[in-house]
Amino acid sequence: MRKFRSLLAVAMVALSAGCSGSLDSLTTGDIVGRWTADLEAASPAGYYSRQVTFSGDGHFVFEFRSYGIYRNQRDDELSSYSRTVGTYTVSGDRVTFEPESLTTWDAFHGADSPEIVQSPYPYSSFYDDARYLVEGNTLMLDYTSYPADAPEPTRQTFQRER
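For what it's worth, the numbering used here labels the leading residue of the sequence shown as 114, then goes sequentially.
And the structure:
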């Protein structure tokens, strides 16, 4: 019986060591850098841009900008932006975001209107249940979003900036 336990313990150590290699291939190093999503058309006019930056020290910055969405704005004129700042951790293919602050500005309130900074972060979550995959220069974040308050699997794709 003692031999069986010893063999079982050795097998478990070997198994966990073998598995950790595959999990270690997804480390924070895979996502470190600046990533930009394709521009998204707004309706009835303008467009949105998204960008996320992951630093090697576990911090992230997510920026969302809208352009040309208000009447009498040029297509390339900034309409609003938001910047979420916080920390992230990676475990296997999961990435967990801990947002710390949200900064927003909107031209609707006037070009000289001040930024609004909310700290701590005012919402309960950010990229819920996120998993990630890096293939070449493409980052795919799979997470749960809540359009109309119903959970829905969502994918956001980003390209690595050079």
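From the three backbone atoms N, C-alpha and C, an ideal C-beta is built for every residue, glycine too. Computed from a prediction, not measured in an experiment: that's the story for all the values here.
Per DSSP, which residues does I229 bridge with? Please list them.
T217
Quick one: what's got a C-beta closer than 6 Å to P212's C-beta in the same chain, skipping five residues either side?
T197, G199, Y234 and F239
Beta-carbon contacts of T257 that lie in its chain and below 6 Å, excluding the five residues immediately before and after:
D241, D242 and P264
Rounded C-beta distance between F210 and F173? I'm assuming under 8 Å.
7 Å
Buried or exposed: where does V203 fall if 16 or more other Cβ atoms within 10 Å of its Cβ makes it buried?
buried
Express the C-alpha separation of S156 and L254 in angstroms, rounding to a whole number.
24 Å
Could you say which of R147, G171, R163 and Q231 lies nearest to A154 if we only look at CA atoms?
R163
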